[in-house]
Every structure is written in C-alpha cells, then in structure tokens.
C-alpha cells in the first residue's frame, strides 16, 4: 500500500468548507494536474471555468438547486467538453471546422473533461482540500451554458466545489468491489446476488433513518420515487438533448 | 510539490509492455481504487470488464483496429456505464425499473465510469504499471457490447491497456495550462491567441515529421483529413447512437 492508493481509498466528499481561500498558487497546481491526464489523440478537448467571484456563485446557485456549497465553497471548477478551441484552430488553419459536430466527438470531449476533472480532484485532496461533485451541472445544462457564456461546441459536463474541509465525515458505505468486476464477459445479477451485494447497505443505521424519513420500504424506492424520479430524469434528458443540439453536437 | 502531484504531472501513455503479468493482488488494489471515487448519489453506476485471456484479446482486437497493445498488454480494463445492476436492484425491490432509461441517466453513468477509470489509472501508475486509453472503445461500441455480452443498460465508455512498461517515452507535448482556463466566464479564442497557444507544438520536430509523412500544411489538416475525418466521425456517431438506443438509453 502506497500513499497514492491510501489517498484514493480514503476519498470522501466534503460539503462544508472553512473560510480559508484557495491561494492562486494552489489553484495553479490543481489546474496543472487537470491538464496532465490522457486525452484523445492529444487534442485536449476540455476547458475549465474557474468560479471564485461571489456574485457569479449567487447567479449560478439556483441552477445547482441552491445547495449551500454552491455559494459557500471558495472555489468552483466547471469542466466542459470543449471542441471550440480545436475548431478555432482548424478554422485558422484552413481545415474542416465541422468534422467534430457529432456525438462521437462529443463523447471524446466528455472523456477528456472527466479525466481532467478527476485529476484535479486527486490533486486538490493531496493539497489538503476537500471537494464535492455537483450532479446538477448536467440537469440545468442550458442555464450554465448561458451564465458561463459558453460558445458553440462547449458543454459543461462536471462541476466540483472545492475548499478546506470544515467537516470530517466517515467513509461512505459502498458496495463491495466484487459488485463491479466481471471477468472476460459480463455476468448478470440474479436476485440472490443483488440481495448479497446490497445486504450491508440495506442493514445499516443510515439506511434505516432514510427509510423512516421517507416512509418507504427500501432504498430503491427512495431513489425512484423521491430522489431521481422518471419524470424528472426524462425532463432533464430533454434539456440535455436540446442543449447538445444547440451547441452543435 | 508532493508525490501525488509529481505522479500526475509525469503521466505518459505506455503502449509497449514487458511479459511480466499483473498479479491478482495488484489487480485488486487497482480495482479497489476504481471503486473509491465519487459517484452520483452513491449509486455507483459502472462496471469493469477485466480481460486477461488471450483468446478474448484476439476476439476484441479487430474492433480496436488491431492496435498491437490490444493483444500485447497483459491486462485490459473496459469501464462501462452500468444502470443494469441498479435496475435489477429496483426490480427485486418493487421499484420503477425504467426511471433511468434516458440520456440524462446515461450521462451520470458515463461520469461514474470515467471517474472509476481515471482512479484505476492513477492507482496503476503508483504500482509501477503503465497504461494507455483506447479511443476505439466508443467507435465500435456495438461490437464490444456483443463480444463482452453486455446486457441492456450497460455500455462501454472507456478501455485501458495496462502492463509493466517496456518503453520510457518523453512527456507528450501539451498546450500551456492557460489554454484551458477561463475565469468566471468563457473567453473565446481569436487568431492571435490560437497562434500563440499552438506555437510551440507547431514548431516542434515531432510536428515537422508528421507533416512531412502526411504531405500536409499543418496539424489541423492532419486531424481533419487523415486521423479523424468528418465522414468517419459521423459514421461512428451513428453506431454509438444506435447502440445507445438498443441498450435502453
């Protein structure tokens, strides 16, 4: 076991931060890590929008459903799939500027943006910062495009709040590693396997509390009936689809 | 500068590997890192297909366009966006099994899969292994679904070859960090900025060789006319779209 593994294993999302600002020097170390990852054909198809201004945080907050960390975090990094820069390069070099206006190319840029985002997160933790991903970034993607003034061929795909931790939560309860691993081909899950994999989670005190609060029988119903319902998901899927088209993908 | 930053900054893709196999214990350390990252609502929406069998590597190789590393690497990890496991959980707990059959939910699972993949890569490097991402995984996604026997709601999004390095390439030439960073809002690229950001890359010996081999004027044309043409991209975008629909997203 080395320090890097230890750091990865001990990751826990931090949602409350101290007042200590993130120094520019620290930010630069994080951004350099974001830019050091693997990238499709070395095209580096992402951008990072750095949010530090309080007025801008308040402007973005409603689209993050006013989660407290969206205004309380000293630093917010929004990672975008970005073919704009590369297309501008093509434009100024007499090359096809519409070769990447499609969903295959979008997928490459999403991949580059998420590798960059996760690298930034690992770097931030190594510098004593905590972070939390905001899933809301892909929900209200049309609004983020507008407020962040993203041009055609740029779409936000991940958003991370960062700051120095004002809380020290325990590790999140996860499924056992074997739940995710398939050897050579996919092996489907039967009821017995699902029961076994979810047993620890279902029997925890945390789950008991959630079920009591929600007055529901199990976690699956909490997800499908409260947290992420079909109706909401289908609505936000349409927003994402419309925004992808409008942004040229 | 700490060890973790140093490791992230020194990343370089490794395409040639020694014969040394990856021990099961090492694989488990890597897989644990993959499972330790952030995840949407703690739903953990990914799976990893572990390929170590030579016959399976040969079966998959044509869809990776027979890149040598697709058969020569001792280990291949294919990370999939996976709502199957969660939907099976819903099915066995009398909850809605179609709440996540949409592109918003797909985007969450893609995010989880890529966080897991990048964590696995960082872990692997810390253990002395090298790796390289295979972009081909999203090109021939229909074939990978078939050969890896992926059920509905499972789609491969990233594929990484891993092994002990038999080469030690220099760091890849990247754009300067400032190329990716936007403060508060997006600042579009004018010709002067593009010229400046790409100058070092365009003036390198590596670029001179590429242009000579391709008999083209600049790198933008190498990308749009040779490596990733509009025609190919649009074809593979259609394959991806068809496969996403067929897999229930």
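Residue numbers (my numbering), protein chains in the order written: chain A, 955 to 1203; chain B, 955 to 1203. Where a beta carbon is used, it is the ideal one built from N, C-alpha and C, also for glycine. Small disclaimer: the values here were computed from a predicted structure and weren't measured.
Quiz item: Could you give the residue range of the alpha helix (DSSP H) that holds residue 1059(B)?
Solution: 1057-1080
Self-check item: Proximal residues to residue 1019(A) (C-beta, below 7 Å), its chain only, five neighbours per side dropped
Solution: 1090
Quiz item: Using a C-beta to C-beta distance shorter than 7 Å, which residues of chain A count as neighbours of residue 1080(B)?
Solution: 956, 958 and 959
Quiz item: Listing by chain order, which chain B residues have their CB less than 7 Å from the CB of residue 1050(A)?
Solution: 1178 and 1184
Quiz item: Counting only beta-carbon atoms, is residue 967(A) nearer than 9 Å to chain B?
Solution: Against chain B, the CB of residue 967(A) has a partner CB under 9 Å away; the residue lies at that interface.
Practice problem: Spell out whether any CB of chain A is found under 9 Å from the CB atom of residue 1158(B). | Solution: No, because no Cβ of chain A sits closer than 9 Å to the Cβ of residue 1158(B).
Quiz item: What's the call for residue 1157(A), buried or exposed, on a 16-neighbour Cβ count within 10 Å?
Solution: exposed
Exercise. Work out the CA separation of residue 1044(B) and residue 1174(A) for me, nearest whole Å.
Key: 5 Å
Self-check item: Exposure of residue 912(B), with buried meaning 16 or more beta-carbon neighbours within 10 Å
Solution: Here chain B covers residues 955 to 1203 and nothing more, so residue 912(B) does not appear.
Practice problem: Indicate the three-state DSSP secondary structure (helix, strand or coil) for residue 1053(A) in the structure shown. | Solution: If DSSP states are grouped into helix, strand and coil, residue 1053(A) belongs with coil.
Quiz item: Do you know offhand how far residue 1047(A)'s Cα is from residue 1172(B)'s?
Solution: 7 Å
Practice problem: Using the DSSP secondary-structure output, state which residues sit across from residue 1130(B) in a beta bridge. | Solution: Answer is none; residue 1130(B) lacks a bridge partner.
Practice problem: List the whole-angstrom C-beta distance separating residue 1092(B) from residue 1194(B), where the pair is believed to meet the contact cut-off of C-beta under 8 Å. | Solution: 6 Å
Practice problem: List the DSSP bridge partners of residue 1178(A). | Solution: Bridge partners of residue 1178(A): none, in fact.
Exercise. Starting from the beta carbon of residue 1107(A), find every residue of chain B whose beta carbon is closer than 7 Å, and list them in chain order.
Key: By Cβ distance, chain B contributes nothing, its closest Cβ being about 11 Å from residue 1107(A), past 7 Å.
Quiz item: From residue 1029(B) to residue 1132(A), what distance separates their C-alpha atoms?
Solution: 18 Å
Quiz item: Thinking C-beta only, is residue 1159(B) closer than 9 Å to residue 969(B)?
Solution: No, the Cβ-Cβ distance between residue 969(B) and residue 1159(B) is not below 9 Å.
Quiz prompt | Residue interval of the beta strand (DSSP E) (run including residue 1109(B)) | solution = Where residue 1109(B) is concerned, the enclosing beta strand (DSSP E) stretches over 1108-1117.
Quiz item: Are residue 1197(A) and residue 1096(A) close, meaning C-beta to C-beta below 9 Å?
Solution: yes
Exercise. Give a yes or no on whether the C-beta atoms belonging to residue 980(B) and residue 1088(B) are separated by under 9 Å.
Key: no
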